[in-house]
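Inspection log for the structure reproduced underneath, given as structure tokens.
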Amino acid sequence: MTAAEFERAVGDPGRAYERVQELTGQEWDVDLPGDRARRFETDKMWHALDFLLRRVGFPVDVVFGEERIPGADDWSYGPPRCLTPEQVRTAAEAFSATPPARLTEGVTPADPAAAEICPTIVRERGEPLDEVTAHYEALVPYFRGAARDGDGVLLRIS
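Residue numbers (this note's numbering): 106 to 263.
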């Protein structure tokens, strides 16, 4: 969200929900370059992505967000959370300094299974983490664009 939209969203959770729905509708079938997109989905890879990012000590929680939106009700799996424009810049810098191979370095199929990581493609079948790192790679230009534009990010798990 632009800095102005972000400020309104944090102060008015109802408006934040409306704006998220608008952006989802606008970009649902549109394939924008990552640095121009106003929304991003990790699909079912959010849990595995969080697992790998925490392992490497990523400085910003780009999966769940750093702060809860005050007064917001649950939108799906909990209330929405956010990253301030400053946190977005920090994340973009960390993405640039963290190659995808670093996320999976030393990770065996047993590690996500032991941590009970969803989705089952990762946890039960011991599939390679390529799909997770592909989502990570897609986050890089998304956050780069948001940082460039001074945007904040609203996050929700659904």
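Note that beta-carbon positions come from the ideal geometry of N, C-alpha and C, so glycine has one too.
Model, not experiment: these values are computed from the prediction.
Residue i - containing beta strand (DSSP E), residue span
{"i": "R186", "result": "R186 to L188"}
{"i": "V258", "result": "V258 to L260"}
Among the options, the one whose alpha carbon lies nearest that of residue i
{"i": "T209", "options": "M150, C187, S201 and D235", "result": "D235"}
{"i": "L244", "options": "E146, P217 and A202", "result": "E146"}
{"i": "R194", "options": "P184, V167 and P214", "result": "V167"}
{"i": "D148", "options": "P184, T189 and Y241", "result": "Y241"}
{"i": "A218", "options": "Q126, A153, P164 and A239", "result": "A153"}
{"i": "A197", "options": "F248, G130 and R261", "result": "F248"}
{"i": "G170", "options": "L128, G183 and V161", "result": "G183"}
{"i": "P214", "options": "R124, F200 and V237", "result": "V237"}
{"i": "E191", "options": "A202, P204 and V165", "result": "V165"}
{"i": "A206", "options": "D179, A239 and D216", "result": "A239"}
{"i": "V212", "options": "Q126, L158 and E172", "result": "L158"}
C-beta contact flag for residue i and residue j at 7 angstroms
{"i": "F156", "j": "A114", "result": "no"}
{"i": "T129", "j": "D256", "result": "no"}
{"i": "A109", "j": "F163", "result": "no"}
Cβ neighbours of residue i in the same chain (closer than 6 angstroms, five flanking residues each side left out)
{"i": "R253", "result": "none"}
{"i": "A177", "result": "P118, P184 and P185"}
Residues that DSSP places opposite residue i in a beta bridge
{"i": "G183", "result": "S181"}
{"i": "M173", "result": "Sequence inspection shows Arg at residue 173; the Met mentioned does not correspond to that position. In the DSSP output, where bridge partners are listed per residue, R173 has R186."}
Start-to-end residues for the alpha helix (DSSP H) that takes in residue i
{"i": "L154", "result": "W151 to R160"}
{"i": "L244", "result": "D235 to D254"}
{"i": "E112", "result": "A108 to G116"}
{"i": "T209", "result": "P205 to T209"}
Sequence-distant residues of the same chain with beta carbon closer than 8 angstroms to residue i, five excluded per side
{"i": "I174", "result": "A114, V115, P118, A121, P184, P185, R186, C187 and L259"}
{"i": "S181", "result": "R261, I262 and S263"}
Contact with chain B by residue i, beta-carbon distance below 7 angstroms
{"i": "D155", "result": "Protein chain content of the structure displayed is limited to a single chain, and chain B is not contained in it."}
Own chain, CB closer than 7 angstroms to residue i, minus 5 neighbours either side, in chain order
{"i": "I222", "result": "H152, A153, F156 and R228"}
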